[in-house]
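Number of protein chains: 4
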Amino acid sequence: MTLKLGVIGTGAIGQEHIRRCSYVLQGAKVVAVSDINLKGAAEAVKRLGLEAEVLSDGEQVINSSNVDALIVTSWDPTHEAFVLAAIAAGKPVFCEKPLAITAEGCKRIVDAEIAYGRRLVQVGFMRPYDQGYQALKKVIDSGEIGQPLMLHCAHRNPAVDESYSTDMAITNTLIHELSVLRWLLNEDFVSAQVIFPRATAHTHAKLRDPQIVLLETVKGVRIDVEIFVNCKYGYDIQTEVVGESGIASLPEPSSVLLRSNAKRSHNILTDWKDRFIDAYDTELQDFINGVIKGELTGPSAWDGYAASTAADACVKAQNTSGPVSISLPPRPAFYER
Amino acid sequence: MTLKLGVIGTGAIGQEHIRRCSYVLQGAKVVAVSDINLKGAAEAVKRLGLEAEVLSDGEQVINSSNVDALIVTSWDPTHEAFVLAAIAAGKPVFCEKPLAITAEGCKRIVDAEIAYGRRLVQVGFMRPYDQGYQALKKVIDSGEIGQPLMLHCAHRNPAVDESYSTDMAITNTLIHELSVLRWLLNEDFVSAQVIFPRATAHTHAKLRDPQIVLLETVKGVRIDVEIFVNCKYGYDIQTEVVGESGIASLPEPSSVLLRSNAKRSHNILTDWKDRFIDAYDTELQDFINGVIKGELTGPSAWDGYAASTAADACVKAQNTSGPVSISLPPRPAFYER
Amino acid sequence: MTLKLGVIGTGAIGQEHIRRCSYVLQGAKVVAVSDINLKGAAEAVKRLGLEAEVLSDGEQVINSSNVDALIVTSWDPTHEAFVLAAIAAGKPVFCEKPLAITAEGCKRIVDAEIAYGRRLVQVGFMRPYDQGYQALKKVIDSGEIGQPLMLHCAHRNPAVDESYSTDMAITNTLIHELSVLRWLLNEDFVSAQVIFPRATAHTHAKLRDPQIVLLETVKGVRIDVEIFVNCKYGYDIQTEVVGESGIASLPEPSSVLLRSNAKRSHNILTDWKDRFIDAYDTELQDFINGVIKGELTGPSAWDGYAASTAADACVKAQNTSGPVSISLPPRPAFYER
Amino acid sequence: MTLKLGVIGTGAIGQEHIRRCSYVLQGAKVVAVSDINLKGAAEAVKRLGLEAEVLSDGEQVINSSNVDALIVTSWDPTHEAFVLAAIAAGKPVFCEKPLAITAEGCKRIVDAEIAYGRRLVQVGFMRPYDQGYQALKKVIDSGEIGQPLMLHCAHRNPAVDESYSTDMAITNTLIHELSVLRWLLNEDFVSAQVIFPRATAHTHAKLRDPQIVLLETVKGVRIDVEIFVNCKYGYDIQTEVVGESGIASLPEPSSVLLRSNAKRSHNILTDWKDRFIDAYDTELQDFINGVIKGELTGPSAWDGYAASTAADACVKAQNTSGPVSISLPPRPAFYER
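Chains as they are written, first to last, in this note's numbering: chain A, 41 to 377; chain B, 41 to 377; chain C, 41 to 377; chain D, 41 to 377.
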């Protein structure tokens, strides 16, 4: 069976996902697209060599009888409505993060999905599909390092422009740690605190950079995440898990060892798009396979809601001097793995 | 267009390639198979969930009007005949190494392909498709380390059984270095010498292990390759390129950094099948794409012939005290890249 | 000139320093010792092959006309009195940490030294003499990574016994970070906060382990130090300095690279005595040279006082939910470097 | 006891050894020096702050009643005569490499020392005193990697001037591998072969660079040593020991890990004097201690003779197309360790 996909939002990310589904992955084909910018959507269809309709809006794509499942890569504030509409139409939907721009919005999606009775939503949190994170989780789950007690993490980016503001360090950047660390530890967060070190000279008035977010989990695991979006030197993700009997760290991406100019060195990536590039393929293939098989197992609407709730607390903590409580209702049985 | 593939040989490697073409890669489907063991072929078709005919022999597959292109994964001595038959039928053929079991056999294939007038053959040398080797070649081609002068390589395997004999270190193991190093340096070899260190206790009467092969290229680059197939500790491939101004080494596979039991360590693979696992996908997709596009660009019959000629010299050198000359005719314009 | 040393306290550390001064370093000789346990002191003198008097108490050693300078390696609570007595006698004194068991005690020593008019005291903070820390400071001071913004540190030990209590994580363990980080950044701390992750199963009732100490400096640099004294896997010190344009980390001790049992690994030390073993030699030689030259430049009584003040705040922070202020008077001109 | 040393040759190396013996090491003092350039010798004495006589020639130093032991750091061709004279005077002598400029010269020294009846000679092969080499030997001797079968080594230097000729790659550079590898494996060499890769552009008419020396030991261990004295990128020593069950490699010198400019890197040394700098201290202290104790245990005249014999074969092999035999008489019981 070839899954017929409708893509809502044909900007950079949407085009990348279209490319993947059309030319890399198995079992799907893009049959309809839409975008606020219809002309751009048409040009994208042409450039990508698709045999796909350009429809006038996302609802048209969702409700097209020719479309089996949706990919939502539109402007963030529109995600919630499109996902709810997909659920209303009973169609599976892969929604790029954020699932919704508020925790309440995520909760509305959760409630709608539970009411529907079957999982329809997969959120675009790709890191659990990364081979490095999978290897790390395997070590933790094996018990080889004992119970995790502390995590030391970093999310560093060379530079951002003037449109990137302090809160985006949480909503755009930390959101990936807020999702993958829940998956890694199989735990929820109970509090968040944000610490602002002295700022780098390489930032701008609307952005306090770097930041350190301190998280606590239900079982008392303590996590520190350094977020530094103007670090200059590269795009660098670090996750170190300190357990009772050992430490396991996320692998560095594989790279040539060079001896040159009195240094032995490995390259560090500079573009965020390269860091988890294989994981985007894997998450979408997992969505396609799941839809065809009739069972989605990737990051769920609940995972989106949990990450969003944590993100809200972190943004609040940016303006609070101590820890901010994160309270999440118990995970519904509907979302038990 | 969906390329209709016929697979000749449904043993372990054949089944893996069938799995790839059917469930991982784009643009192809397996429509016919054959194997010496017809019952095994039928079971494989069933287990792999194929809609494919089981034909009584390779020629039937090659000549089936339903088959566009061939994959040859049969018993090594049968490769030459199948490839020649595919060329005679004017059909593209991906042939697992060895292209033929003698250099003369490879030459017959080269002559047949040139006579046909268009490239039809791709040999299953996967290392040029490995991301690590590609990154290494990119550094060399950039000129960053200057002209390569020496290569220090190693091909190590934990253990082999009693059926593995001294010459197989060349024909089965070194053959991969003989192909990828030509590609890496864009050069041919002019001589080979084999040195036998004291043997490991962990070998058997019919296998001198380890061995060191010394190769010289046209431009005078000197290469040493340690082949150690009972090394015990892991499956480990090393390629270090010493240039006029620096050194570049093949990346280690990415792995978790573990601190445990008074060691900081990374895992080393133990199964050869894991080391270049992604490259098998990439080489087959490149074959499929090339056939659909009408132009094969992967390792050619000439590359198979050159590697085979070099391998013959290495086997001879195992029984000679000094260097053995490797002479290859000039590469025909037909094979210019 | 050969400096004639008196050593007060001939336990394990005292004997090690005696060994160094007698057989490794230049320019000094131990001429008198004392210890609460006179019999032990006599045996130590014999075992170490010294020509030294065993005097009945520390004051006797300090006031002996044959002694030029003192080394204090006695029971911690006695350090203050011996150092004050050495200052009163106008004799240089190398005092193992802690300078005194209270910040007030350290302040009394500072005041006495200033009153004396010339530096007489060097505190046994050895890390600034470690080649790794010196290399790290050199990188920071060069400006290569820009202004330091954050430090991520860890002080890990395999196991401690039942006598090691929660506060000792500060007074015995973190005290080294409290001194070396001031030296590394050339800054003082302004606040400390202690976070307790879930405890390891491998601790005991009187010890909360691990702990995370968060420090803030005058310029706003934020430091996190993980203290984990039952970490099981090894003795491991980590210091990572995140600057505006790069990151510099304390070197790992040099070790053999081993490929064995499907791992490529380096050993991690297990005994704290090995980690900075060369630095003990260097700090004592620096003391000896400084006394002979007439100018001490190593860690001063003020450094001891500053570290002690910070330590007090950290111990208080262990029992406080938020940050605890660290206030240190301005450094007297007497201690300007 | 303070050993009274006479130093013959006050050039750069001589001054460094004088500095060590006077200001770093224990138990010795330089009381007399000589040099072809008497004025330079006098200036050196003054600059180094010695209370030492400047004598008119090496014989005077050797025969001075005030001198207990000798350090020979004069022009290479004069070493043999000074060492023989020291033996004739019954005085211990530390001789910088080369012990003599011919194997026959080394043999004359061996014969003289055996005739004397007690070891008097230590040769300045410092690598066995290097902590890295000691750690490597410890791993090998433990049996952890099984019997060594192959060694892959490299001795790389950034650049040499026009006075450095092809044979000096053996006599000045490889000589260190020829001595330390005998110590590491506790074996002698039986043959040497030299291979010349294509030359680097960064060499001159009188120097073929790089070179690869292939050595074989009595037990059949095969060793390849890459010698590349204009490698540009740094001063880099590599020693990899491949055993029956694992591989152990010489540690890289400890260095800061830097993340900067899209690279994670460690510095590589550029000056040969820095690479084994601690080993020079250790070897001289071992000589001093050995003389005082009455038993020298460092690299012996026999070790100098064995290395010289191997070096002669390597120089011959530079001009021979195949292997050159290395024959060494059996080691006299006099030199049994």
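Don't be surprised by glycine CBs; every beta carbon is placed ideally from N, CA and C.
So, are the CB atoms of residue i and residue j less than 7 Å apart?
i         : j         : result
Thr206(A) : Leu254(A) : no
Val112(D) : Trp342(D) : no
Ile328(C) : Met41(C)  : no
Lys137(D) : Arg238(B) : no
His195(D) : Thr211(D) : no
Tyr273(C) : Arg315(C) : no
Val101(A) : Ser74(A)  : yes
Leu139(B) : Ala126(B) : no
Val281(C) : Pro168(C) : no
Ala72(B)  : Ala52(B)  : no
Arg396(A) : Ile277(B) : Outside the displayed range of chain A (41 to 377) lies residue 396(A), so it cannot be described from this structure.
Gln251(B) : Ile263(B) : no
Leu65(D)  : Leu324(D) : yes
Thr310(C) : Asn270(C) : no
Lys147(C) : Tyr375(C) : no
Ala347(C) : Ile215(C) : yes
Gly49(A)  : Ser104(A) : no
Gly186(D) : Glu284(D) : yes
Under a three-way DSSP split, which group does residue i fall into?
i         : result
Cys61(C)  : helix
Asp228(B) : coil
Ser289(D) : strand
Pro370(B) : coil
Arg222(C) : helix
Lys413(C) : Outside the shown range of chain C, which is 41 to 377, sits residue 413(C), and nothing can be said about it.
Glu280(C) : strand
Gly338(C) : coil
Gly46(C)  : strand
Met208(D) : helix
Ile263(A) : strand
Leu247(D) : coil
Glu202(B) : coil
His216(B) : helix
Gly172(C) : helix
Ala350(C) : helix
Glu56(A)  : helix
Going by DSSP, what residues sit across from residue i in a beta bridge?
i         : result
Phe268(B) : Arg196(B)
Gln233(A) : Leu254(A)
Ser365(B) : Ser231(B)
Met166(C) : The partner list for Met166(C) (beta bridge, DSSP) is empty, contrary to what the question assumes.
Lys303(C) : Asn307(B), Ser300(C)
Leu191(D) : Ile263(D), Val281(D)
Uninterrupted beta strand (DSSP E) stretches inside the stretch 108-163 of chain C (no shorter than 3 residues): Fully enclosed beta strand (DSSP E) runs of 3 or longer: 109-112, 133-135, 161-163.
Whole beta strand (DSSP E) elements within the stretch 305-333 of chain A, 3-residue minimum: Runs of the beta strand (DSSP E) inside the stretch 305-333 of chain A: none found.
Contact residues within the stretch 164-177 of chain B, judged by C-beta distance below 8 Å to chain D: Contact residues of the stretch 164-177 of chain B toward chain D are absent (C-beta to C-beta distance below 8 Å).
Ordered list of alpha helix (DSSP H) runs contained in the stretch 63-102 of chain A, each at least 4 residues: Segments of the alpha helix (DSSP H) lying fully in the stretch 63-102 of chain A: 78-87.
Proximal residues, the stretch 286-306 of chain C versus chain B, C-beta separation under 7 Å: Cβ contacts with chain B come from Arg299, Ser300, Asn301, Ala302, Lys303, Arg304, Ser305, His306.
Residues of the stretch 124-153 of chain C with Cβ closer than 8 Å to any Cβ of chain A, in chain order: Within the stretch 124-153 of chain C, no residue qualifies.
Residues, ordered as in the chain, of the stretch 305-319 of chain A that lie near chain D by beta-carbon distance below 9 Å: Answer set for the stretch 305-319 of chain A: Ser305, His306, Asn307, Ile308, Leu309, Thr310.
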